[in-house]
Ligand code: SD4
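Residue numbers (my numbering): 835 to 1170.
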């Protein structure tokens, strides 16, 4: 990075933080953002107090499932698969698994990946009629010589390992698809709380080991064949058990161009806190792409259990759970 670029990033970063502080101080102590700043700052104490779960969007129930699983002694991968499968099975979550919104042809296609504390990873992309792609991704991690399986091949692999075919288009998603067609079938890149709840989950167990998983049906009414960031290691999810982990949500094309979660982990490796790393990665996106109205949200956890979250636009919530609490907070955002 040359001097001009460095100065640009520094001044932009200060803008971001100032804006966040104004937001924080402009609100009452009990507001979500104020609570968010508390969560983000007090996590060092938690490094000794047992498992932690950090998830994109409002996934408190899944967090509790993962936390309980770790408390019962389940492995990080088992805990992640159990918790994320719960969300995939829920028809009300229309960005993940069964009930996910379909592509432009009315077909539900799913993306998922998992990366564990040993740096092993597995991913399925563009998989169809498999209700729990996170489980398929885990099978790839554990039983395939490859990292990514896609489409028909991913489905064949899942079936060969005992998974079953399920029609994933729920009545609600079918209706929304028909409505979208009636209204002219225009693809939109909006991915915020109103219409998105892709799950990216980071788990840290009581030994301080970290793993993560991510699962989505991708952008609603996307082009046939489209794969987003969520199943791509380094884009939708990255884990380095020596340093920490990060996962992303929002418009995948932006995250793919920036390899945002790999970047967050590298920034943490260079000494940044998870919060500063998320902010700088968002800043890097803004500087590169002049984004105004598209959303990306990033969350991160480090080896001692500090957490961070930041987004481009307001309205990105994350769920944090430990032995003491389950909280859903709004992340600081670059734009108001
Ligand atoms: C994608 N990143 O496929 C996903 C979408 C998402 O909440 O995160 N939605 O681009």
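Each residue gets a CB set at the ideal place from its N, CA and C atoms; glycine is no exception.
Is residue i near the ligand SD4 - that is, is its Cβ less than 8 Å away from at least one heavy atom of it?
{"i": "residue 1031", "result": "yes"}
{"i": "residue 1014", "result": "no"}
{"i": "residue 890", "result": "yes"}
{"i": "residue 1107", "result": "no"}
{"i": "residue 1053", "result": "yes"}
{"i": "residue 1089", "result": "yes"}
{"i": "residue 924", "result": "no"}
{"i": "residue 1132", "result": "no"}
{"i": "residue 907", "result": "no"}
{"i": "residue 1063", "result": "yes"}
{"i": "residue 1145", "result": "no"}
{"i": "residue 992", "result": "no"}
{"i": "residue 808", "result": "Absent from the structure is residue 808, since the part of the chain shown begins at 835 and ends at 1170."}
{"i": "residue 1058", "result": "no"}
{"i": "residue 959", "result": "no"}
{"i": "residue 903", "result": "no"}
{"i": "residue 1085", "result": "yes"}
{"i": "residue 1155", "result": "no"}
{"i": "residue 956", "result": "no"}
{"i": "residue 929", "result": "yes"}
{"i": "residue 1070", "result": "yes"}
{"i": "residue 1171", "result": "With the chain represented from 835 up to 1170, any question about residue 1171 goes unanswered, as that position is not in the structure."}
{"i": "residue 971", "result": "no"}
{"i": "residue 946", "result": "no"}
{"i": "residue 1025", "result": "yes"}
{"i": "residue 1082", "result": "yes"}
Looking at residue j and residue i, is the spacing between their C-beta atoms short of 9 Å?
{"i": "residue 1049", "j": "residue 937", "result": "no"}
{"i": "residue 916", "j": "residue 949", "result": "no"}
{"i": "residue 1046", "j": "residue 901", "result": "no"}
{"i": "residue 1173", "j": "residue 942", "result": "In this structure the chain extends from 835 to 1170, so residue 1173 is not present and cannot be described."}
{"i": "residue 1170", "j": "residue 1146", "result": "no"}
{"i": "residue 910", "j": "residue 1141", "result": "no"}
{"i": "residue 1132", "j": "residue 1143", "result": "yes"}
{"i": "residue 953", "j": "residue 1074", "result": "yes"}
{"i": "residue 966", "j": "residue 923", "result": "yes"}
{"i": "residue 1021", "j": "residue 1051", "result": "no"}
{"i": "residue 947", "j": "residue 1094", "result": "no"}
{"i": "residue 1018", "j": "residue 1044", "result": "no"}
{"i": "residue 1138", "j": "residue 1042", "result": "yes"}
{"i": "residue 1032", "j": "residue 1000", "result": "no"}
{"i": "residue 1134", "j": "residue 1151", "result": "no"}
Below 6 Å CB to CB, which residues in the same chain sit around residue i once its five sequence neighbours on both sides are set aside?
{"i": "residue 1011", "result": "936, 940"}
{"i": "residue 933", "result": "925, 1004, 1007"}
{"i": "residue 1023", "result": "1085, 1128"}
{"i": "residue 1030", "result": "929"}
Please classify residue i: does DSSP put it in a helix, a strand, or coil?
{"i": "residue 1060", "result": "coil"}
{"i": "residue 1151", "result": "strand"}
{"i": "residue 974", "result": "helix"}
{"i": "residue 1128", "result": "coil"}
{"i": "residue 1038", "result": "strand"}
{"i": "residue 945", "result": "strand"}
{"i": "residue 818", "result": "No answer is possible for residue 818: the residues shown for the chain start at 835 and end at 1170."}
{"i": "residue 905", "result": "helix"}
{"i": "residue 958", "result": "strand"}
{"i": "residue 882", "result": "Any reading at residue 882 is ruled out, since the residue's pLDDT is 38, under 50, leaving its predicted position unreliable."}
{"i": "residue 1079", "result": "strand"}
{"i": "residue 1093", "result": "coil"}
{"i": "residue 888", "result": "strand"}
{"i": "residue 1052", "result": "coil"}
{"i": "residue 894", "result": "helix"}
{"i": "residue 1123", "result": "helix"}
{"i": "residue 1101", "result": "helix"}
{"i": "residue 1086", "result": "helix"}
{"i": "residue 1168", "result": "coil"}
{"i": "residue 802", "result": "Residue 802 cannot be examined here, being either before or after the span of the chain that is shown, 835 to 1170."}
{"i": "residue 1113", "result": "helix"}
Skipping 5 residues on each side, what residues in its chain have a beta carbon closer than 7 Å to that of residue i?
{"i": "residue 1158", "result": "none"}
{"i": "residue 912", "result": "903"}
Looking at C-alpha atoms only, which residue of the options is the closest neighbour of residue i?
{"i": "residue 993", "options": "982, 962, 981", "result": "962"}
{"i": "residue 1086", "options": "1025, 927, 1161", "result": "1025"}
{"i": "residue 1055", "options": "1009, 1066, 1078", "result": "1009"}
{"i": "residue 1119", "options": "1167, 1072, 1156", "result": "1167"}
{"i": "residue 1076", "options": "1091, 1099, 1089", "result": "1099"}
{"i": "residue 891", "options": "990, 1116, 1081, 1041", "result": "1081"}
{"i": "residue 1136", "options": "1153, 1001, 1109, 1033", "result": "1109"}
{"i": "residue 1066", "options": "1060, 1059, 1090", "result": "1090"}
{"i": "residue 1071", "options": "1053, 964, 1092, 1014", "result": "1092"}
Strictly under 9 Å for the Cβ-Cβ distance: is residue i near chain B by that measure?
{"i": "residue 1018", "result": "Judged by its chain identifiers, the structure shown contains no chain B, having just a single protein chain."}
Short of 8 Å in beta carbon distance, which residues of its chain neighbour residue i, apart from the five on each side in sequence? Order them along the chain.
{"i": "residue 920", "result": "895, 896, 899"}
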